[in-house]
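Notes to accompany the following structure.
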Amino acid sequence: MANESNNFQELISHCKEYGYIFQSSELYDGLSAVYDYGQLGAQLKKNLRDAWWKSMTQLHDNIVGIDAAIFMHPTVWKASGHVDNFSDPMIDNKDSNKRYRVDHLIEAYAETLDETKGKAILAEMDRLLAADDLSGLKQLIEQHQIKCAISKTCNWTDVRQFNLMFSTQIGSVAEEADTIYLRPETAQGIFVNFLNVQKTGRMKIPFGIAQTGKAFRNEIVARQFIFRMREFEQMEMQFFVRPGTQMEWYNYWKETRKKWHESIGIPAEKLRFHNHIKLAHYADAALDIEFEFPFGWKELEGIHSRTDFDLTQHATYSKKKIQYFDNDLNEEGKAYGNYTPFVVETSVGLDRLFLTVMSLAYAEEKWTKEDGTEDSRVVLRIPTALAPTKLAILPLLKKDGLPEIARELLDECKPHFHCFYEEKDAIGKRYRRMDAIGTPFCVTIDHQTKEDQTVTIRYRDSMLQERMPMSKVKDMILEKIDT
RNA sequence: GCGGAAGUAGCUCAUUUGGUAGAGCGAUAGCCUUCCAAGCUAUAGGUGGCCGGUUCGAGCCCGGUCUUCCGCUCCA
Numbered sequence: 033m034a035n036e037s038n039n040f041q042e043l044i045s046h047c048k049e050y051g052y053i054f055q056s057s058e059l060y061d062g063l064s065a066v067y068d069y070g071q072l073g074a075q076l077k078k079n080l081r082d083a084w085w086k087s088m089t090q091l092h093d094n095i096v097g098i099d100a101a102i103f104m105h106p107t108v109w110k111a112s113g114h115v116d117n118f119s120d121p122m123i124d125n126k127d128s129n130k131r132y133r134v135d136h137l138i139e140a141y142a143e144t145l146d147e148t149k150g151k152a153i154l155a156e157m158d159r160l161l162a163a164d165d166l167s168g169l170k171q172l173i174e175q176h177q178i179k180c181a182i183s184k185t186c187n188w189t190d191v192r193q194f195n196l197m198f199s200t201q202i203g204s205v206a207e208e209a210d211t212i213y214l215r216p217e218t219a220q221g222i223f224v225n226f227l228n229v230q231k232t233g234r235m236k237i238p239f240g241i242a243q244t245g246k247a248f249r250n251e252i253v254a255r256q257f258i259f260r261m262r263e264f265e266q267m268e269m270q271f272f273v274r275p276g277t278q279m280e281w282y283n284y285w286k287e288t289r290k291k292w293h294e295s296i297g298i299p300a301e302k303l304r305f306h307n308h309i310k311l312a313h314y315a316d317a318a319l320d321i322e323f324e325f326p327f328g329w330k331e332l333e334g335i336h337s338r339t340d341f342d343l344t345q346h347a348t349y350s351k352k353k354i355q356y357f358d359n360d361l362n363e364e365g366k367a368y369g370n371y372t373p374f375v376v377e378t379s380v381g382l383d384r385l386f387l388t389v390m391s392l393a394y395a396e397e398k399w400t401k402e403d404g405t406e407d408s409r410v411v412l413r414i415p416t417a418l419a420p421t422k423l424a425i426l427p428l429l430k431k432d433g434l435p436e437i438a439r440e441l442l443d444e445c446k447p448h449f450h451c452f453y454e455e456k457d458a459i460g461k462r463y464r465r466m467d468a469i470g471t472p473f474c475v476t477i478d479h480q481t482k483e484d485q486t487v488t489i490r491y492r493d494s495m496l497q498e499r500m501p502m503s504k505v506k507d508m509i510l511e512k513i514d515t
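Numbering (my numbering), first residue to last: 33 to 515.
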């Protein structure tokens, strides 16, 4: 375990050293739990996003993609339950270090009292909560000597308000401005556009709406590199189904999504399902697809059966009808008619997927060369289809016309995939640099190229090399990317 | 948030009663090189995370703060 932690440390260092991930605002000592993607990280992230987008929208003819705004009407978050469930006064017991939601703590205490006294204290709590009187809540707890269940002491911190949604103002005059939130999940942008997409796209149930984009959560503790960040990117698909069929689709997407992760190169044994026992307020079934990260099994993607909770809530709050008329015939030969669709959600963290790919790819290798000396390298075995740079073009020498030939190959290939050109330093050094950033193919141009138009291609994973006609390089790589 | 550890050049580190910072690798420019990093020359990079205190003098001692990692906690 200690060893694995060390590897994780090295992966983090490697990400920074080779331009994959930088800490946000590092120049100013950084901003906690916020990260920037560098020149290679941005490309890898885009490749992952593109792969997901293609698998969802292009390969499913009943799924379409949208791109909703990050800002949404404040009532959206009341309807979704985020305003109520995402901002709670909390209190910590200093002896047990256990944190409680203040209302849960007081309610539990009230239950131990007789009815009159219990109601009185709950009424007082409600009054204080409504008034946002945090110090009053603490007084109430101390006054009644409410104790921590673990430490049995009354040694409490101050009551603090934890709001997991970031807020800001819309409108340029601060006093008149409305508070709006940065979305804590992308899903609501899909729900509020359900009718727009269904009608304009003439979508028939079952169908899905996919979206990628940033979401924001003011996490109390956000750690483990890019695993839990305050600003992160989700790739979500909400699948709308006929009520009663949700478990069938839940199981379908559970399997489909796990297979997709395997298809991009994640070994099956590194993935597992984890069923939720305690369900969120909106769900009737939920599970995580977990990946074995260097720091343990953790959620990579969530599959949730969200029932009709969200659409019903938005119908209530907006006072608009959000229903679907289903012309398909049921067993009795009648149309299913009007109903509020049920929703099965697949939601994967793009940053977590990025970390998954990087942690699988990172390897430190040592071997003994033919002459008996030790050699080593650090290599990112990123699957070819995902690698930020596909091909490095390396003239063996920077003279004798070799760079000119190399440039010809570069010009031929660069419209099709990302290439890197380098003529400095010994060839072995250049190979090592390409290994470190995960470039799957290197091509060198030497004097023989001038005679027979062949080049040496060197493979990242095997370190083997072979000669091939320069004219076939582009198509060979295109073929490898496609598979 | 609590507890622990850490922060010196891009990276890895050194500077051992406090006396105004060095090395290797890397980078850049050039030379040399016909296939797996470490041949030669030159150059550039640090207000020692930041702020303050003690001191004649602080990278080193003290306080605060920021950031990161680990363990708890949290993660609808």
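By construction, the Cβ of each residue, glycine as well, lies at the ideal position given by its N, Cα and C atoms.
- [ ] Answer with buried or exposed for arginine 499, where buried requires no fewer than 16 other C-beta atoms within 10 angstroms of its C-beta.
- [x] exposed
Task: 8 Å contact criterion, which serine 64 and alanine 254 should meet: CB distance rounded - done: The pair is a contact, with the Cβ atoms about 7 Å apart (cut-off 8 Å).
Open item on the list: Under 8 Å, with one C-beta from each stretch per pair, do the region 264 to 280 and the region 375 to 388 reach the 3-pair mark?
Closed with: yes
Task: glutamate 455 beta carbon less than 9 Å from that of proline 472 - done: With contacts defined by Cβ atoms closer than 9 Å, proline 472 and glutamate 455 do not form a contacting pair.
- [ ] Mind listing, in chain order, the continuous beta strand (DSSP E) runs of no fewer than 3 residues lying wholly within the region 260 to 288?
- [x] 263 to 273
TODO: Could you spell out the range, first to last residue, of the alpha helix (DSSP H) harbouring methionine 157?
DONE: 147 to 162
TODO: Could you say which of Pro427, Glu440, Cys451 and Thr486 lies nearest to aspartate 457 if we only look at CA atoms?
DONE: With distances taken between CA atoms, aspartate 457 lies nearest to Pro427 out of Pro427, Glu440, Cys451 and Thr486.
Task: Supposed close pair glutamine 485, methionine 502 - CB separation, criterion 8 Å - done: 5 Å
Task: Best match in Phe374, Thr339 and Phe357 for proximity to lysine 366 [C-alpha to C-alpha] - done: Phe357
- [ ] In angstroms with no decimal places, state the Cα-to-Cα distance between lysine 31 and isoleucine 53.
- [x] Because the chain in this structure spans residues 33 to 515, residue 31 falls outside the shown range and cannot be described.
Task: Alpha carbon of histidine 105 to alpha carbon of isoleucine 354, nearest angstrom - done: For the pair histidine 105 and isoleucine 354, the Cα-to-Cα distance works out to about 17 Å.
Task: Pair within 9 Å by beta-carbon distance, alanine 424 and valine 475 - done: yes
Task: Cβ-based neighbour list, leucine 361, same chain, cut-off 7 Å, excluding 5 preceding and 5 following - done: Ala367
- [ ] Could you spell out the range, first to last residue, of the alpha helix (DSSP H) harbouring serine 167?
- [x] 166 to 175
Task: Under 9 Å between C-beta atoms of alanine 438 and isoleucine 489 - done: no
TODO: Let me know the secondary structure DSSP gives alanine 347 once reduced to three states.
DONE: helix
- [ ] Note down, in chain order, each residue of its chain lying with its Cβ closer than 7 Å to the Cβ of alanine 142, except the 5 sequence neighbours on either side.
- [x] Gly150, Ile153 and Leu154
- [ ] Compare the Cα-Cα distances from aspartate 342 to each of His308, Glu377, Glu324 and Leu332 and report the closest residue.
- [x] Ranking His308, Glu377, Glu324 and Leu332 by Cα distance to aspartate 342 puts Glu377 first.
TODO: With DSSP collapsed to three states, give me the class of alanine 468.
DONE: helix
TODO: Put glycine 369 into one of helix, strand or coil per three-state DSSP.
DONE: strand
- [ ] Counting only the same chain and skipping the five closest in sequence on each side, list residues whose C-beta sits under 6 Å from that of valine 410.
- [x] Excluding positions up to five away in sequence, the list reads Glu396 and Ala468.
Open item on the list: Taking the straight line between their C-alpha atoms, what separation do you get for lysine 123 and cysteine 186?
Closed with: Sequence inspection shows isoleucine at residue 123; the lysine mentioned does not correspond to that position. The alpha-carbon atoms of isoleucine 123 and cysteine 186 are separated by roughly 11 Å.
Task: For valine 134, the nearest candidate out of Ala74, Asp432 and Cys180 (CA to CA) - done: Cys180
- [ ] Use the C-beta contact count for alanine 447: other C-beta atoms within 10 angstroms, 16 or more gives buried, fewer gives exposed.
- [x] It should be noted that the sequence gives proline, not alanine, for residue 447. Exposed is the call here.
Task: Identity of the residue in Asp146, Ile321, Pro326 and Thr339 nearest glutamate 333 by Cα - done: Ile321
Open item on the list: So, under 8 Å CB-CB, alanine 83 and isoleucine 296 are touching, yes? Tell me the CB distance rounded to an integer number of Å.
Closed with: 6 Å
Task: Whether serine 337 touches alanine 111 by CB criterion (9 Å) - done: no
TODO: Output yes or no for whether 9 Å exceeds the beta carbon distance between glutamine 278 and alanine 317.
DONE: yes
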